[in-house]
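Chains A, B, C and D supply the protein sequences, listed in that same order.
Residue numbers 1 to 457, in my numbering, belong to the letters of the first sequence in order.
Residue numbers 458 to 914, in my numbering, belong to the letters of the second sequence in order.
Residue numbers 915 to 1394, in my numbering, belong to the letters of the third sequence in order.
Residue numbers 1395 to 1874, in my numbering, belong to the letters of the fourth sequence in order.
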Amino acid sequence: MPSYVPHTDAEIEAMLAFLGLSSLDELFSVVPEALRLAAPLALPDALSEADVLAEVERLAGANVPCTGRGVAPGAGLVCFAGAGAYDHEVPEAVRAMASRSEYVTAYTPYQAEVAQGVLQALFEYQTMVARLAGLEVSNASLYDGASACVEAANLASAATGRRGIRVSRGVHPHWRQALRTFAAGSGSELSEVALVDGHTSWDDDGGPAPAALVVQYPNFLGCLEDLSAARRAADAAGALLVVAFDPVAAGLLVPPGARGADVVVGEGQPFGTALSFGGPYLGLFACRLEHVRRLPGRLVGETVDVEGRTAYVSTLRTREQDIRRERASSNVCTNQTLIAVACAVQLAWLGTSGLRELALRCARATRYTRESLLALEGVEPLVGAPTLREFAVRLPADPTVVVDRMADEGFLAGVALGGDGAGAGAEYGEGLLVAATERRTRAEIDAYVAAMDKVLR
Amino acid sequence: MPSYVPHTDAEIEAMLAFLGLSSLDELFSVVPEALRLAAPLALPDALSEADVLAEVERLAGANVPCTGRGVAPGAGLVCFAGAGAYDHEVPEAVRAMASRSEYVTAYTPYQAEVAQGVLQALFEYQTMVARLAGLEVSNASLYDGASACVEAANLASAATGRRGIRVSRGVHPHWRQALRTFAAGSGSELSEVALVDGHTSWDDDGGPAPAALVVQYPNFLGCLEDLSAARRAADAAGALLVVAFDPVAAGLLVPPGARGADVVVGEGQPFGTALSFGGPYLGLFACRLEHVRRLPGRLVGETVDVEGRTAYVSTLRTREQDIRRERASSNVCTNQTLIAVACAVQLAWLGTSGLRELALRCARATRYTRESLLALEGVEPLVGAPTLREFAVRLPADPTVVVDRMADEGFLAGVALGGDGAGAGAEYGEGLLVAATERRTRAEIDAYVAAMDKVLR
Amino acid sequence: MFELSSPGRRSWSFRSTDLPEWDAAELVPAGHLADEPVPLPELSERDLVAHHTRLTHRQYSVDLGAYPLGSCTMKYNPKLADAAAAMPGLASVHPMAPAQLTQGWLELLVELGLALGEVTGMDAVTLQPPAGAAGELTGLLIMRAHHAAERPDRPPTKVVIPDSAHGTNPASVTLAGYSVVTVPSDDRGCVDVAALRAVLDDDVAGIMLTNPNTLGLFEEDIAEIAGAVHDVGGLLYYDGANLNAILGVTRPGDMGFDIVHLNLHKTFAVPHGGGGPGAGPVAVTERLARYLPGPVPVRDADGSYRWTTPSRSIGRVHGWHGNALALARAYAYVLASGGDGLRRVAEAAVLNANWLRQRLRDHYDVPFDRPCMHEFVVSAAGLRRRHGVKAIDVAKRLLDEGFHAPTVAFPLIVEEALMIEPTETESPQTLAALGEALVRIAAEAPSEDPGAPRNTPVGRVDEVRAARRLIPTYDARPRA
Amino acid sequence: MFELSSPGRRSWSFRSTDLPEWDAAELVPAGHLADEPVPLPELSERDLVAHHTRLTHRQYSVDLGAYPLGSCTMKYNPKLADAAAAMPGLASVHPMAPAQLTQGWLELLVELGLALGEVTGMDAVTLQPPAGAAGELTGLLIMRAHHAAERPDRPPTKVVIPDSAHGTNPASVTLAGYSVVTVPSDDRGCVDVAALRAVLDDDVAGIMLTNPNTLGLFEEDIAEIAGAVHDVGGLLYYDGANLNAILGVTRPGDMGFDIVHLNLHKTFAVPHGGGGPGAGPVAVTERLARYLPGPVPVRDADGSYRWTTPSRSIGRVHGWHGNALALARAYAYVLASGGDGLRRVAEAAVLNANWLRQRLRDHYDVPFDRPCMHEFVVSAAGLRRRHGVKAIDVAKRLLDEGFHAPTVAFPLIVEEALMIEPTETESPQTLAALGEALVRIAAEAPSEDPGAPRNTPVGRVDEVRAARRLIPTYDARPRA
Ligand SMILES: Cc1ncc(COP(=O)(O)O)c(C=O)c1O
Ligand SMILES: Cc1ncc(COP(=O)(O)O)c(C=O)c1O
């Protein structure tokens, strides 16, 4: 119906004539007869724009989104789920800038002279991510937190010539799964390090000397790991320390770089990206300058043009696969530039004081939710370690069932750990992982706890 | 909370120091003490962006919008109301272009060298509107259809040196009200010309020779007036003929200019503007070239720059109030440029074939709705004349009550004429004015008629 | 764009409806059906989007930088208002939907009206007028209705306006059926009160003023002026274009005005849209409320809302309820600002203007050399005399510096006027850069580049040719 | 931007929550609390918006014009996909919300998977990989898992790729733990089948190909190649970057491929985002379905949807479900196109490429001079020899003409390569203008302007300096 092919029949004929052809089919004469499709693709007929949108609207209507703000009843769930994907506000200015079509419809900035917009935005992104991490360089984005973590392991292996990767069980279970998947190819030897009451216990596991120790801060259960202890353990093993950090909590916490992290990775979704059913998100990646030639993905550098004006360009491209092919430090080509731009806009929207305020507000809401929930009969902390970004509780009921029932009350109650539905990270035992962002009000939290009280009875 | 004032306290102090002042209050020392507000304005405290949007969302939630597409139940009403404001699809490309911030946040193109974007878009708008009207010139927008009609009356008075304006009762009642309001100032003498079974009967009313005859095509009740008859009547009176046309129906109908209209006005909302609770809409205005120096509002012309490149500029500005002051042909300054740009984008999106197809689809949906409704017991045509864009029926019930009850069924049933609620245009008798646009499907119309059947029982 | 057209190419598609496919001849009675379709450009969506995206790259705007166009208040409009106006619960409401289906809209309008009443110090409001000039005419028709009721035998026929007034004022006066009496400004740039007194008599319906006036100067004698006009039975009309200067500081109502229009697109964060849409609500004192255009939204004791028409309404001034989505934007801005925020707007606007004025004082002629409010006027008369550099040349040079130009040639009472309104949303850094550029332009006047602007999408545009060889449409182009 | 910062200035605001205002020290245990806040720029919303709006005016994009970047398929992406991806019912869903709350998403993913299966001629799909390269690695890990299961004792260790392959292919092969065996192209620009046969043995896990290949030429011997690779127990991997050329014409599955990735950002209307996000689903034949990353969405007999993990899944390759909103865009595009529409895409893409190729044939060297598919490669080797004008110079000149440049220096097997992919969304008029510009540039080579580009936001950028004096952040700038 709406064809995005502009050619009219008359134009097609004229073009074919120019080529000495008499039909469009002849364009494909190089394709062996036997391989040519005899019938059209078995797909539905083309729909008009309005029909497409109506169909997508129908599908969207079959979801129960986290659009609840305690405003209109039936308008969606009020979100208390986190576990690596958070319900933060996306300011309208950020939305507006990230949807500028020049950012949206450009490609990788191969021709710097006409790509200063994207390049400068990425340079600013790199600067701010490096500052957040407390390190010297950042790349211009990876796919998501999980893939950033995989790349960090690869960097560590290349830097140390070792294969072992010791990963804390406090690292997001999905990230550990991804590490395992890609280890099949990279040859990394993963070993997981147990949590003791919410903290990683780095005692030597007797395995071979590792390339890296990987720890999350705050970890999957929201607990604040002891990074100094991790650094000591890394030093003892001669390994790099990879810290998967939460960039929002970073508004309050000592930067991982300042605690000795060699590589810092993270999920950038909280800055400027909606929940989006998990993607596109944003892999944050920062490291010490000494590793810059092993940095995966794109790197933008500042330079000058022929007239000496400041200009930006993709640099150290000899690391990349289009030049170095099988010896490249990573295969990442298309990355998440637009999401990185949104992140850069949002970080500047926050500024120094806003980031701190955001972190503080999240911490307050989380604390208030935690205290209120723990006041309910039978609700207990899952671990004892102090938490910040989120927290886990043990419930007097199957957490997957609780999540289901709470949805009827208008809440996404959290992420179920274990239980009959085999919630995420069953290894932690049965529990509910709860996060409250700056969007959660006292009224919403009180209503949530009241609903929980009802559901648990 | 979010202050759009960027100044920090330190900056304010430095700036005050530069001015030799010691407080912000001193800036206002010229304002006599007695006039200065003693207390702050009695307005609520500033809200954060999120709180503002939540409050507006609450208000939006207290409306029942015409978002129904027969898709999700409870998602809003399916719209069968017209009466000058129509539920057409706004294509996403149009939405995207009309929200480009360069169009949105510029002002009137006073400095042509940096306003070629708006100027060229308006030049294209003028061209397309003139073609729609079948006339030689169009201005670059007026406030809405009603104000365009008022301006047309003023133009005619100025052109003829007469005061009388004979307005058909087929012209939208609100437009006639506006004509009356402004006649109090302009001194126009309005006389209304009755409809006979849906058609204006132009028999001489014995009044003074009029400046203009004003007729709507199709008229308020959707009927196709006889423009040739109107032209003859105008000729007989030595008056200009002003035709208020529907730009969508223009996709099928002979252009008013070709039937002798001197001025064509219309409401441009159907092209690219949502229902918007009545505004911002768009006043279309086209006339014969001989009247160009009386044309109200802005006019863009093509010219060249110093290097001979094609360029656009506001022209014949000596008609305008900022130069001609009390002798200006109109007081319009700020107009509806952005809406005109959206209209221009949408007209080009439609193109020759799309406009015709749109008109055809509206006509089909309207015909199908009319035939189905008239099949219901007790539903009768309000007038006999053939209709196109919409139609009026007499119902076996109070139309205001019917509209209310149909809303419970998920439909905005139409616009009530007369009835206990004193619906619009009570002068036409009790009835319901119904329009069906290209968005209405057979399923929606069938459901509408079934609901009507239920409501009327 | 017309050159991009190719017959048969298309962007359009429509919802599938499954309706009978009657053809045109079956639907349109004989004699009405067009023989030929309307010729419109036929483009792909791709070319249409590229065309307009490229056009926007040839367009300056507030979002790109400073826009110190005096009298126009080209400030930054927060993006939150775009989001508010886009909500389907507002944007998809039919204007004739019954009140019980539009309670949210009515509440919004009532609340906005109350807020505007508070800001202006007035008692009742109409939100119908779609722009400032429409507000002016509305206000003058209210004035007219008032006099017709009060003095039916010999209603007054004249309205006084100062010589510094904006062009819409005299035009509106004429359209309201009054004749214009111009009162001169004194040497301080304000209304010459003696001269005003001289023209006041019982044939004067009222006076239109803006305060601060178009020179950016506060009319300090406003109380005296109000007394004098009221004494002859006249009313005072406040042109709200300059309200940004006094938000939360003083109010037209307190100054003695009877009728006020507001330009929500200047003061209340409605973006200018390349020339509109705006919104020009009119606020009046209690005794004039009965004349407001109808219908107006009201809140009933039970908390529900409905439409009502004032007892002696002048009638409708808009097809519907005014530029509703612009009103929603303004309401969002009021909520975001709060009372304190609005005062802060005025403070910063006046601070910025005075700072820049001070910065430029030694480089341009300053006709009325005293502290200003939110804007000020300098003159290039000296530059013209000494170097032949006119105000318009300064303006064009400023375009080359990446800024928009100030308003030129207005107000008319200042020779080679440059009217500069920085607005409150420009930072001190931007202000410094703008001042720097203007100082440099003045300094370079002796060797002025007559070819400016050069860094713009097109060079100096031939306005004379546009008017002489009028080409108002593509079809009017001379055939090649 | 950092220069615009002023301490204490701000854009931010947050929802009012009415929560206890514990301070940082009460919330963060000792030893964890930062002494200093993270230094970030402090801007007004106005300056932030102006900064980015200005940056976008320094950025070329598809929406501004033709972007014939070979291998990248920079076609116009319909705006309807933006609207689809913005729907709150899709965009505001938490990735860990239980399946019963996300039935719409699961249905969308299942339907998209089915459509991609039909387009590629494969049986099962994972939508997790977030880009093409991620798809490659995923596919190769599936290959690895297959061999590990089939030949656990002596799994193969090598993957064959042609010398014309995109750089991600060898990089992915390495990351998958295989070594790369390069096979040369023959003088027709296709895989040298004899050379391929020579390297095939049971240590070969498979071959990665794209067809049409990176020269835009269809590998006519694909059936023979497939047979030969399958004969030694290897699998065929299809790099889907060039799928746009064959939509609805032929399918990788029919050619004998076992594993296919698609670049939805090239073929299925996901905008490129300045370098991403994209989506790189992987489709496989029935026998490989068990290895797909999990979880995958499935439809149960009762019409409901749930997640399941394939029996021998290689595991997760993304933190969640892939770039979900990109997938929603692609689904909207599939719906809008339908089967016929997709074929029309291929036809027009191939038509455009051949037309332009024909137009340029006499003006550039054409290394493999025969009809192409959706793209083609010309060489500036002759221009370089005769006039010292390199491919990169041609590219920079084209920027000055208002077009984006083609891909330069790829594929590596062509000296001074210019790889041109006009895509199907460019009209014949645009194509003609592009051809005209390229012909002119070749004609002007004798007097080539070495200063190009000149009409761009900056002139030729010093890449060498960027690498030598690395400034990767604002903080690394040399202090002035
Ligand atoms: C002083 C003054 N009065 C009135 C107006 C007219 O307002 P509008 O353009 O909204 O009709 C303007 C607009 O520029 C103005 O500056
Ligand atoms: C031929 C070919 N293969 C693979 C890729 C890699 O895809 P992506 O950039 O999505 O990772 C590309 C991208 O340019 C390509 O052109």
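Quick reminder that beta carbons are idealized off the backbone N, C-alpha and C, glycines included.
So with Cβ pairs under 9 Å, would you call residue i a contact of chain A?
{"i": "M1481 (chain D)", "result": "yes"}
{"i": "K901 (chain C)", "result": "No answer is possible for residue 901 (chain C): the residues shown for chain C start at 915 and end at 1394."}
Could you pull out every residue in the same chain whose Cβ sits closer than 8 Å to the Cβ of residue i, ignoring the five residues on either side in sequence?
{"i": "P396 (chain A)", "result": "E377, G378, V379 and L456"}
By Cβ distance, which residues of its chain are closer than 7 Å to residue i, with the 5 residues on each side in sequence left out?
{"i": "R1737 (chain D)", "result": "L1641, G1642 and V1643"}
{"i": "A693 (chain B)", "result": "none"}
Can you find a CB in chain D that lies within less than 9 Å of the CB of residue i?
{"i": "D197 (chain A)", "result": "no"}
{"i": "V462 (chain B)", "result": "yes"}
{"i": "R405 (chain A)", "result": "no"}
{"i": "T730 (chain B)", "result": "no"}
{"i": "R515 (chain B)", "result": "no"}
Could you check which residue in the options has the C-alpha nearest to that of residue i?
{"i": "R1871 (chain D)", "options": "A:E136, A:P40 and A:G207", "result": "A:E136"}
{"i": "T970 (chain C)", "options": "C:R1382, C:G1187, C:A1263 and C:V1210", "result": "C:G1187"}
{"i": "E1050 (chain C)", "options": "C:G1003, C:H1080 and C:S1251", "result": "C:H1080"}
{"i": "R1220 (chain C)", "options": "C:R1226, C:G1229 and C:H1235", "result": "C:H1235"}
{"i": "L957 (chain C)", "options": "B:S810, B:A743 and B:S786", "result": "B:S810"}
{"i": "D661 (chain B)", "options": "B:A686, B:V705 and B:P497", "result": "B:A686"}
{"i": "G82 (chain A)", "options": "A:D420, A:R180, A:Q269 and A:V341", "result": "A:Q269"}
For residue i and chain B, any beta-carbon pair shorter than 9 Å?
{"i": "V942 (chain C)", "result": "yes"}
{"i": "E1439 (chain D)", "result": "yes"}
{"i": "E1358 (chain C)", "result": "no"}
Per DSSP, residue i is paired with what?
{"i": "H1445 (chain D)", "result": "In the DSSP output, where bridge partners are listed per residue, H1445 (chain D) has none listed."}
{"i": "E189 (chain A)", "result": "A:G164"}
{"i": "E724 (chain B)", "result": "B:G740"}
Cβ of residue i less than 9 Å from any chain C Cβ?
{"i": "N676 (chain B)", "result": "no"}
{"i": "S330 (chain A)", "result": "no"}
{"i": "S733 (chain B)", "result": "yes"}
{"i": "M909 (chain B)", "result": "no"}
{"i": "T1411 (chain D)", "result": "no"}
{"i": "R688 (chain B)", "result": "no"}
With a CB to CB cut of under 6 Å and the five nearest residues on each side skipped, what residues in its chain are close to residue i?
{"i": "V866 (chain B)", "result": "First, the residue type needs correcting, since residue 866 (chain B) is Glu and not Val in the sequence shown. Here the set comprises A908."}
The stretch 788 to 799 of chain B contacting the stretch 595 to 604 of chain B, beta-carbon criterion three pairs below 8 Å: yes
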